[in-house]
Structures are given as structure tokens and as C-alpha cells.
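Participant:
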Amino acid sequence: MAKERARFASAVHLFLVRRGEILLTRRCNTGYQDGNYSVVAGHLDGDEPVVSATIREAREEVAITLEPADLTVVGVMHRREGDERIDFFLTAERWRGEIVNAEPERCDDLAWFPLDDLPANTVPYVARAIENFRRGVWFDAFGWDGDQRSVYNAPPAADNDRERT
Numbered sequence: 005m006a007k008e009r010a011r012f013a014s015a016v017h018l019f020l021v022r023r024g025e026i027l028l029t030r031r032c033n034t035g036y037q038d039g040n041y042s043v044v045a046g047h048l049d050g051d052e053p054v055v056s057a058t059i060r061e062a063r064e065e066v067a068i069t070l071e072p073a074d075l076t077v078v079g080v081m082h083r084r085e086g087d088e089r090i091d092f093f094l095t096a097e098r099w100r101g102e103i104v105n106a107e108p109e110r111c112d113d114l115a116w117f118p119l120d121d122l123p124a125n126t127v128p129y130v131a132r133a134i135e136n137f138r139r140g141v142w143f144d145a146f147g148w149d150g151d152q153r154s155v156y157n158a159p160p161a162a163d164n165d166r167e168r169t
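Numbering of the sequence shown is given in the numbering used here, commencing with residue 5 and proceeding in unit increments.
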């Protein structure tokens, strides 16, 4: 009898970056990590490409317009938190429209923080993903036994030797 294949929840996370700062959103009334900071994020709806999901989440959560060319995939995380998840991290340094809290029932604060000085109440895997982004680490695993980060290396690229600040 064949073993059933793993099924993963997948989500996109958007790093909106300007002048060395990242936009964080404080979660509320969601039942998950309420009171902690995260980034614009959401699950893929199914039959939806990662870039399209990211554009949709940006519009729904902070009322900005992004084009595919505005986005760069900067990381992937295989995460275990009860179930297994695959998280995609994308960054944008340009967008159209003014950032506003378009989901006040799910977010009670939007704020810019230095990439290298996140608030203590940042969702742990998100803080790690931001650290990975700064260090040029493209793939990580989180929530598994032991720290497995040392086995993952950034893909070779000219700019991976410098930290992003």
C-alpha cells in the first residue's frame, strides 16, 4: 500500500522595505500570534501562483498595488508548527498607493522598523526570515528538532556577502 504524500499549507509573506526599514503589522483578533508583529501575509487560495497571492494580500491588507516586476522572491522556509508548512518570502521596494491599514479588524498597528532592530514581540519565524533576508540566506527550516540553519547556504550571487540594512 502506497504511503500518502505530505500535504502542506502554503503562505506568502511580503517584506515591504524602504530606507533600511521594514513594514510590520501587529496581529489582533486572528487567534494566532495576536499582539505580535508580522508582515503582510496570507495563505495561497489554491490554483493561485505565489506572485499573484502576494499582490492580492498587499491589496487586501495595506491597500497598495504591486506589479509582478515589483517583487523578488528572497526566501523559502519549511516550517513545522503543528502541521507542516511551506512559506514564501518576497520583497518589494516600490509600490503604488499609500499604505493604510485595510484590515483593522485583524491588525491594530502598522509601523516601520529598522531591519536590524525588530521589536521583541515579532512572530519568531518571521523574525528569523527577516534575519535570513538580511544575511542572504535563501532557504531555512523552522520548528524542527535542533537548529538546522547551518546546513543551508544562500545561492551563489554577488550580493550575498553583504548584510542588508
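Idealized CB from N, CA, C, for every residue including glycine.
(1) Would you say ASP149 touches the ligand FMN, meaning its beta carbon is less than 7 Å from a heavy atom?
(2) State the beta-bridge partners of MET81 as determined by DSSP.
(3) Tell me, to the nearest whole angstrom, how far the beta carbon of LEU94 is from that of THR76; I am working on the premise that it is less than 8 Å.
(4) Going by C-alpha to C-alpha distance, which of GLU109, TRP148, HIS82 sits closest to VAL16?
(5) Taking buried to mean at least 16 other C-beta atoms within 10 Å of its own C-beta, is ASP144 buried or exposed?
(6) Taking only the alpha-carbon atoms, compute the straight-line gap between CYS32 and ASP113 and give it to the nearest angstrom.
(7) Tell me which same chain residues have a C-beta within less than 6 Å of the C-beta of ARG30, skipping the five on either side of it?
Facilitator: Considering the structure as presented:
(1) The ligand FMN is not part of this structure, which contains no ligands at all.
(2) DSSP output for MET81 lists ASP91, ASP144 as bridge partner(s).
(3) THR76 and LEU94 do touch by the CB rule: their CB atoms are close to 6 Å apart, below 8 Å.
(4) The option with the nearest alpha carbon to VAL16 is HIS82.
(5) It counts as buried.
(6) Looking at the two C-alpha atoms, the distance is approximately 9 Å.
(7) In its chain, beyond the 5 residues on either side, TYR41, ASP112, ASP113 have a beta carbon closer than 6 Å to the beta carbon of ARG30.
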